[in-house]
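Colleague: With our numbering applied, the sequence shown covers 5 to 85.
The C-beta atom is built at its ideal place from N, Cα and C for all residues, glycine as well.
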Amino acid sequence: MDAYLALLETVEAESWRQEDAAEGLSNTTVTRAGIRETQRAWLKYRDAWLTFADARYWDKQAIVTWLTRQRTDQLVGFQPE
């Protein structure tokens, strides 16, 4: 989870450094506000999955790991080169 949070920080920090008119990552339509909004939605998605997993007796930690890996894969594309 620490690596995921570090990646999220890196992506957000990079979007802050960009100074184009959209206030986002260069050569994309991604904005820092969009990253934050999506992250908030993703956290709700993750929490809903955990509620479902709890009802079905699945291993919560396995679900958190699976969901975090999915989100990490999404964020890697926004890392500065």
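Buried or exposed: where does Arg40 fall if 16 or more other Cβ atoms within 10 Å of its Cβ makes it buried?
Modeller: Position 36 of the sequence shown, counted from the first residue, corresponds to residue 40. Label assigned to Arg40: exposed.
Colleague: Determine the burial state of Arg106: buried for a count of at least 16 other Cβ atoms within 10 Å of its Cβ, exposed for fewer.
Modeller: Shown here, the chain extends from 5 to 85; a query on residue 106 therefore has no answer.
Colleague: Once DSSP output is grouped into helix, strand and coil, what is the label at Trp62?
Modeller: Within the sequence shown, residue 62 is the residue found at index 58, counting from 1. Residue state, collapsed to three classes: coil.
Colleague: So, at 8 angstroms on beta carbons, what are the nonlocal neighbours of Leu54 in its own chain, with the 5 sequence-adjacent residues on each side left out?
Modeller: Translated into positions along the sequence shown, residue 54 becomes position 50. Excluding sequence neighbours, Leu54 sits near Lys64, Ile67, Val68.
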